[in-house]
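For the sequence shown, the numbering used here gives the first residue as 79, with consecutive numbering after it. No residue lacks a Cβ here, since even glycine has one placed at the ideal position from N, Cα and C.
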Amino acid sequence: MPRLVEEDGYPASHFIVPTDIFSGVVPNLNCLELTNISIRADSPLLLANLTELNLGRSSRTSCPRSFSLPVLIDILRRMPRMQILAADDILTEPTDASSLEGYLARVPKVFLPDLVYLRIHSPFLLNYRGLLRQLELKDPSRLCLDISTSIDSFEALDEPLLPRYIASADISSPPVRALSIQSYARQTFTLSGWRTAVHTL
Numbered sequence: 079m080p081r082l083v084e085e086d087g088y089p090a091s092h093f094i095v096p097t098d099i100f101s102g103v104v105p106n107l108n109c110l111e112l113t114n115i116s117i118r119a120d121s122p123l124l125l126a127n128l129t130e131l132n133l134g135r136s137s138r139t140s141c142p143r144s145f146s147l148p149v150l151i152d153i154l155r156r157m158p159r160m161q162i163l164a165a166d167d168i169l170t171e172p173t174d175a176s177s178l179e180g181y182l183a184r185v186p187k188v189f190l191p192d193l194v195y196l197r198i199h200s201p202f203l204l205n206y207r208g209l210l211r212q213l214e215l216k217d218p219s220r221l222c223l224d225i226s227t228s229i230d231s232f233e234a235l236d237e238p239l240l241p242r243y244i245a246s247a248d249i250s251s252p253p254v255r256a257l258s259i260q261s262y263a264r265q266t267f268t269l270s271g272w273r274t275a276v277h278t279l
């Protein structure tokens, strides 16, 4: 019988949402939240009419990460009505930085005109940076952000952590108002940031 809890008390989740679960049963699904549960990219639950998608993974769970960044981008491309998106450590580690950069340069950006809230937590800087780079918004000033990633050294960064549409000095855009920088391991930092926006959830 599989364990429900690991020895350290954290969830022992190896469950993957079956591809055919709820197939044809929830055609009007607008909101989907999965915590410590993997889901396949072809799941019928990842519907085009979703307006809220919350995929979460605890930092010490045994649940595997669900997608690579390119797969998540393809999923979002079929969800044009997305308003609230949260991806908490569900993206796998990029195997090759140059291949990922090349892919992102070739594919068009994902246009999410209604997106007002984005939470992206990934220990892999390429995932964090790549997702922010690929999103195209109708009005960036309406976006509420909760962002987190890990870096080995601030001095080694080859480009800003925040894209221009977020960190712009334009007075018409709400600025970043809160930053949290923490270190849990030698030579590793976690940077989190929040911005107050016009829209309130």
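Burial state of residue i, where buried means 16 or more other Cβ atoms lie within 10 Å
i: Thr227; result: buried
i: Pro172; result: buried
i: Gln260; result: exposed
i: Ile99; result: exposed
Beta carbon of residue i nearer than 7 Å to that of residue j
i: Asp166; j: Arg135; result: yes
i: Leu110; j: Leu123; result: yes
i: Thr129; j: Asn108; result: yes
i: Tyr181; j: Cys222; result: no
i: Ser116; j: Ser144; result: yes
i: Arg156; j: Ala126; result: yes
i: Arg197; j: Asp224; result: yes
i: Leu169; j: Ser200; result: yes
Contact set for residue i: own chain, Cβ-Cβ below 6 Å, skip 5 residues either direction
i: Leu154; result: Val188
i: Leu112; result: Leu133
Endpoints, the alpha helix (DSSP H) within which residue i is located
i: Asn205; result: 203 to 212
i: Ile197; result: Reading off the sequence shown, one finds Arg at residue 197, where the question assumed Ile. Careful: Arg197 lies outside any alpha helix (DSSP H), inside the beta strand (DSSP E) at 195 to 199.
i: Arg184; result: 175 to 184
Beta-carbon contacts of residue i that lie in its chain and below 7 Å, excluding the five residues immediately before and after
i: Gly208; result: Leu147, Leu178, Leu182
i: Leu204; result: Pro172, Ala175, Leu178
i: Arg184; result: none
Residues that residue i bridges to, as DSSP identifies them
i: Leu133; result: Leu112, Ala165
Residue interval of the beta strand (DSSP E) (run including residue i)
i: Ser228; result: 222 to 229
Residues near residue i by beta carbon distance below 8 Å, same chain, minus five either side
i: Gln161; result: Thr129, Glu130, Asp192, Leu193, Val194, Tyr195
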